[in-house]
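Number of protein chains: 2
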Amino acid sequence: MYPTLIATVDVVLFTLKDTRLHVGLVQREAEPYKGLWALPGGYVHPQEDTDLEYTAQRILGSKTDTKDVFIEQLGTVSSATRDPRGWSLSVVYYALIPAQNSEKVRLFPVDSLHDLAFDHKDIVAKAADRIRNKSYYSSLPVFLCGDMFTLPQLQSVYETLLGESVDKVTFRRKIMEMDIIEETGIMEPRTNHRPAKLMRVKQGFKNKLALASRNLNCGG
Amino acid sequence: MYPTLIATVDVVLFTLKDTRLHVGLVQREAEPYKGLWALPGGYVHPQEDTDLEYTAQRILGSKTDTKDVFIEQLGTVSSATRDPRGWSLSVVYYALIPAQNSEKVRLFPVDSLHDLAFDHKDIVAKAADRIRNKSYYSSLPVFLCGDMFTLPQLQSVYETLLGESVDKVTFRRKIMEMDIIEETGIMEPRTNHRPAKLMRVKQGFKNKLALASRNLNCGG
DNA sequence: ATAATAGTGTCTGTGAGACAATATGGA
DNA sequence: TCCATATTGTCTCACAGACACTATTAT
Numbered sequence: 002m003y004p005t006l007i008a009t010v011d012v013v014l015f016t017l018k019d020t021r022l023h024v025g026l027v028q029r030e031a032e033p034y035k036g037l038w039a040l041p042g043g044y045v046h047p048q049e050d051t052d053l054e055y056t057a058q059r060i061l062g063s064k065t066d067t068k069d070v071f072i073e074q075l076g077t078v079s080s081a082t083r084d085p086r087g088w089s090l091s092v093v094y095y096a097l098i099p100a101q102n103s104e105k106v107r108l109f110p111v112d113s114l115h116d117l118a119f120d121h122k123d124i125v126a127k128a129a130d131r132i133r134n135k136s137y138y139s140s141l142p143v144f145l146c147g148d149m150f151t152l153p154q155l156q157s158v159y160e161t162l163l164g165e166s167v168d169k170v171t172f173r174r175k176i177m178e179m180d181i182i183e184e185t186g187i188m189e190p191r192t193n194h195r196p197a198k199l200m201r202v203k204q205g206f207k208n209k210l211a212l213a214s215r216n217l218n219c220g221g
Numbered sequence: 002m003y004p005t006l007i008a009t010v011d012v013v014l015f016t017l018k019d020t021r022l023h024v025g026l027v028q029r030e031a032e033p034y035k036g037l038w039a040l041p042g043g044y045v046h047p048q049e050d051t052d053l054e055y056t057a058q059r060i061l062g063s064k065t066d067t068k069d070v071f072i073e074q075l076g077t078v079s080s081a082t083r084d085p086r087g088w089s090l091s092v093v094y095y096a097l098i099p100a101q102n103s104e105k106v107r108l109f110p111v112d113s114l115h116d117l118a119f120d121h122k123d124i125v126a127k128a129a130d131r132i133r134n135k136s137y138y139s140s141l142p143v144f145l146c147g148d149m150f151t152l153p154q155l156q157s158v159y160e161t162l163l164g165e166s167v168d169k170v171t172f173r174r175k176i177m178e179m180d181i182i183e184e185t186g187i188m189e190p191r192t193n194h195r196p197a198k199l200m201r202v203k204q205g206f207k208n209k210l211a212l213a214s215r216n217l218n219c220g221g
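Order-wise, the sequence lines are chains A and B.
According to our numbering, the first sequence is numbered sequentially starting from 2.
According to our numbering, the second sequence is numbered sequentially starting from 2.
1. Below 8 Å between beta carbons: does that hold for Ser-136/A and Tyr-159/A?
2. Who are the neighbours of Leu-61/A on chain B, taking C-beta pairs under 7 Å?
3. For a contact defined as C-beta to C-beta under 9 Å, what are the partners of Leu-212/B on chain A?
4. Quick one: does Ser-157/A have its CB under 8 Å from some CB of chain B?
5. For Asp-198/B, list the residues DSSP reports as bridge partners.
6. Applying a beta-carbon distance threshold of less than 7 Å, which residues of chain B neighbour Leu-53/A?
7. Taking the alpha helix (DSSP H) that Ser-80/B belongs to, which residues open and close that run?
8. Who are the near neighbours of Asp-148/A in its chain, counting only those whose CB is closer than 7 Å to its CB and skipping five residues on each side?
9. I'd like to confirm the pairing. Which residues does DSSP put opposite Thr-9/B in its beta bridges?
10. Kindly indicate which residue of Gly-25/A, Ala-211/A, Leu-212/A and Asp-11/A has the alpha-carbon position closest to the one of Ser-103/A.
11. I need the straight-line Cα distance from Thr-260/A to Lys-105/A, nearest angstrom please.
12. Since Pro-99/B and Leu-145/B are thought to touch, with beta carbons under 8 Å apart, how far apart are those beta carbons, to the nearest angstrom?
13. What residues in its chain sit with their C-beta under 6 Å from that of Leu-14/B, if we drop five residues either side in the sequence?
14. Measuring only between beta-carbons, confirm whether Tyr-94/B sits less than 8 Å from chain A.
15. Reducing DSSP to helix, strand and coil, say where Leu-210/A ends up.
16. Taking 8 Å as the CB-CB limit, is Val-13/A close to chain B?
17. Flag this pair as touching only if the stretch 193-207 of chain A and the stretch 126-135 of chain A have three or more C-beta atom pairs under 8 Å; answer yes or no.
18. Taking 8 Å as the threshold (C-beta atoms), are Ser-79/A and Leu-90/B in contact?
19. Using only alpha-carbon positions, find the residue among Asp-180/B, Pro-4/B, Ser-157/B and Val-12/B that is nearest to Ala-57/B.
20. Please work out which residues of its chain come closer than 7 Å, Cβ to Cβ, to Asp-69/A, disregarding the five sequence neighbours upstream and downstream, and give them in chain order.
21. Mind listing the chain A neighbours of Pro-196/B? Cutoff is C-beta to C-beta under 8 Å, in chain order.
22. Checking 8 Å against the spacing of the C-beta atoms, do Ile-60/A and Val-111/A come in under that value?
23. Does any residue of chain A have a CB that is nearer than 8 Å to the CB of Tyr-137/B?
24. Go ahead and label Thr-16/B buried or exposed: buried means 16 or more other beta carbons lie within 10 angstroms of its beta carbon, across all protein chains shown.
25. Pull up the distance between the alpha-carbon of Gly-221/B and that of Phe-119/A, whole angstroms please.
26. Please report the residue range of the beta strand (DSSP E) in which Val-24/A lies.
27. Whose Cβ in chain B lies nearer than 8 Å to the Cβ of Leu-117/A?
28. By Cβ distance below 7 Å, which residues in the same chain neighbour Arg-173/B in space, the five residues on each side in sequence not counted?
29. Could you give the DSSP three-state label for Leu-17/A: helix, strand or coil?
30. With a cut-off of 8 Å on the beta carbons, I'd call Tyr-94/A and Ile-72/A a contact; round off their distance for me.
31. In whole angstroms, give me the CA-to-CA distance for Cys-219/A and Ser-214/B.
32. DSSP has Ala-39/A in a bridge; who is on the other side?
33. What residues in the stretch 32-53 of chain A have a beta carbon less than 8 Å from any beta carbon of chain B?
34. What residue does the beta strand (DSSP E) around Leu-108/A start on, and which one ends it?
35. Determine the extent of the alpha helix (DSSP H) in which Pro-153/B is found, giving its start and end residues.
The following block contains the structure:
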């Protein structure tokens, strides 16, 4: 009755490591592309999953153990030829998580990626473009930070994603304008200089994106 | 081997009519939701379609006969319950076409839509949000114009989408900065006042989006 | 005190929006 | 000529970025 096509969900898992953007990959255990690195992904479990985002969360949850993960749909890629087994479609989600050790995925820097299984290299590139672009006008980079962070640390995360330095004053103005982070009352420990205030994301924005009224940097 | 789920492609067809944004719908001829209005959609034809955008173009082509249509993926909606027949997924595309008469679809104003089949009313709302938002910073509204149009007409299209008036000078600056339209050399005919220059979209931007360097209107 | 970085105050150039002036076709 | 709208010129205020200054910790 319905056409036979392969439908999967893949997750692009971003995190920071050594001040560089990394993506979490798994090694394929079966054909096709056995042995190659690929995005974590899988099939919908119709009995268990309520929708595709649930599927993506389930796949993500099997690779990390972070709470309040920010996850968003990137889009759906498809073609008659992207999977040697047949006409295939993949609904892609991307997630941002704070730096952590996970034995379930291996982290690779997004900007020097070797060949991956299927069209996953293209997908990673598209997802990286998306999050870099969103960093210009939203709170997205805070999801790469841990529970507590300083404003200079957050600025550094923004700069890593944007690939350029931003003005300190402008940065603070924009961030505080978004009204999504607050002081914890604790100071940054063990510094060799004036310690910064440790901040946290306000309750309610743990996994919700906020938009800036104007761009952080127009890249002009 | 693979889980059974219903995968379809649906197209949100936007056009302007009476200076209001309209969406093209078809009446369902079969159950479920027989008789209700719905987005034009269908299944992938694995033998014929190279990818999902091709599928969307094919569906669109069966409803209109416009060339150089602007079409873009909105996203994929899914859930175990959105289709009474079973776990279903719909990859949604939206297209913008100039005003035209098509007997294949009926046009409805997007802002006063009655109930539609499935979750199509939500999809239309989401798509309308998307194109309205994109109008702030891109050339998207030009795809609602015909082959030739004046700048005041184009401004009116922007204003319809944005739901607010924009400054004439600012508008012209932004549009011309994008460098996507050019003079035809012809003047607007049959006016009761000074005629405007008829413009056209530059070759190469017929169905390609251009981004403005800054927003047209910050909505602040 | 010095070093180093956090955090704040202030100036300036750019550009969006407001408004004014000019141009052009029809009646 | 007048009317109505197109098109262009100019002013001003707000804001982003630059830069300088003050604050706070450890040594």
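The beta carbon of each residue, even a glycine, is placed where N, CA and C say it ideally should be.
Checking against the coordinates, here is how it stands:
1. yes
2. Here the premise fails: no neighbours, minimum Cβ distance about 16 Å.
3. Within 9 Å Cβ-Cβ: nothing; Leu-212/B doesn't reach chain A, min ~10 Å.
4. no
5. Note that residue 198/B corresponds to Lys in the displayed sequence, not to Asp. Met-188/B, per the DSSP bridge assignment.
6. By Cβ distance, chain B contributes Thr-77, Ser-79 and Leu-90.
7. From DSSP, Ser-80/B is part of no alpha helix (DSSP H) but of the beta strand (DSSP E) over 71-80.
8. Arg-201
9. Ser-91/B
10. Gly-25/A
11. Here chain A has residues from 2 to 221 only, and residue 260/A is not among them.
12. 6 Å
13. Spatial neighbours of Leu-14/B in its own chain (CB-CB distance under 6 Å, excluding positions within 5 residues in sequence) are listed in chain order as Gly-25 and Ala-96.
14. Not one chain A Cβ lies under 8 Å of Tyr-94/B.
15. coil
16. no
17. no
18. no
19. Val-12/B
20. Lys-207 and Asn-208
21. Those do not exist, as Pro-196/B stays about 36 Å from chain A at its closest Cβ, beyond 8 Å.
22. No.
23. no
24. buried
25. Confidence at Gly-221/B is low in this model, with a pLDDT of 29, below 50, so its placement is unreliable and the value that follows should be read with caution. One C-alpha to the other measures close to 44 Å.
26. 21-28
27. What Leu-117/A touches in chain B: nothing, since even the nearest Cβ is about 19 Å away.
28. Leu-152
29. strand
30. 5 Å
31. Low per-residue confidence applies at Cys-219/A: pLDDT is 41, beneath 50, and the placement is therefore not dependable enough to give any value.
32. Val-27/A
33. Tyr-44, Val-45, His-46, Pro-47, Asp-50, Thr-51, Asp-52 and Leu-53
34. First-last of the beta strand (DSSP E) with Leu-108/A: 107-110.
35. Element bounds for Pro-153/B: 152-163.
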